[in-house]
Amino acid sequence: MQPHQISHRSAGPNYPIAAAPARAVPSAVQRAPAPAPKKEKIERALKHTYDAEKDEWTRESVLVIIEDKPFQQGCMRTAHHMTEVEEDGCRCAFVAKFTKISVTAESIFEDSKLSMISQLYADEFNRVSGVDKKVAFLPSYVLVLQDRGNLLCCSEPVLSGNYLKHNNNDGVVATARMVPQAFTHFTWECSRHKILIC
1 MQPHQISHRS
11 AGPNYPIAAA
21 PARAVPSAVQ
31 RAPAPAPKKE
41 KIERALKHTY
51 DAEKDEWTRE
61 SVLVIIEDKP
71 FQQGCMRTAH
81 HMTEVEEDGC
91 RCAFVAKFTK
101 ISVTAESIFE
111 DSKLSMISQL
121 YADEFNRVSG
131 VDKKVAFLPS
141 YVLVLQDRGN
151 LLCCSEPVLS
161 GNYLKHNNND
171 GVVATARMVP
181 QAFTHFTWEC
191 SRHKILIC
């Protein structure tokens, strides 16, 4: 039997709205100033953030600039450079990910939620493992693009450097690094064989 991903509550438009602040960005992620896009089209969006410790969603109004042309794409998603424009005019670099296939709003919220839950497991692993290399996950957000008919996409901060996936849900172990494998096993044991985070 395949292990399944965790689901505390169903995600989506019926989430509870609270005034709690969003979870802090993991220390491995640096807020980077974003260069001004060539052609600016500022859009209104609702940014939804899942707080895994409180098991609740919060939302805030934001302004974003999303480049039309993707800089990368896979079988299921396209990735676009995105800038979040804060109230004070500060610009922060993000990646907006749009699905290429038809998916439900619930599945988009669930994907974002799972990233935040993964960070809770990473925090616990880092606390008890005693290893020097720490595990961290990028925070993930759901954006409702109000000027595009409430189109949904996920967003996450830009990571600098090259990206390397150490393992996956199909059992592929792509590197000899032991910490990612130990973390994956930790999530399986810590969740009582309900979750396997790769």
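Counted from 1, the sequence shown has number 184 at position 184 by the UniProt record's numbering; the numbering is strictly sequential. C-beta: ideal position from N, C-alpha, C; glycine also. Note that the structure is predicted; figures quoted are calculated from it, not measured.
Residue 184 by DSSP, collapsed to three states: which one?
DSSP places residue 184 in helix when its eight states are reduced to three.
Three-pair Cβ contact test at 8 Å for the segment 127-142 versus the segment 98-115
They touch, by the three-pair rule.
Could you tell me which whole alpha helix (DSSP H) segments of length 4 or greater appear in the UniProt domain "Alpha-type protein kinase" (49-198)?
As far as the UniProt domain "Alpha-type protein kinase" (49-198) is concerned, its whole alpha helix (DSSP H) runs of at least 4 residues are 105-129 and 178-190.
How long is the line joining the alpha carbons of residue 41 and residue 55, rounded to whole angstroms?
Put simply, the backbone Cα of residue 41 is about 34 Å away from that of residue 55.
Residue 52 and residue 119 look like a contact to me (Cβ under 8 Å); what is the Cβ gap, rounded to whole Å?
Yes, residue 52 and residue 119 are in contact; Cβ-Cβ is about 7 Å, under 8 Å.
So what does DSSP say about residue 40, is it helix, strand or coil?
Residue state, collapsed to three classes: coil.
Beta carbon of residue 158 nearer than 8 Å to that of residue 152
For residue 158 and residue 152, no; Cβs fall outside 8 Å.
Residue of 148, 104 and 62 minimising C-alpha distance to residue 94:
Across the set 148, 104 and 62, the C-alpha of 62 shows the shortest separation from the C-alpha of residue 94.
Using a threshold of 8 Å, state whether the C-beta atoms of residue 96 and residue 82 are closer than that.
For residue 96 and residue 82, yes; Cβs fall inside 8 Å.
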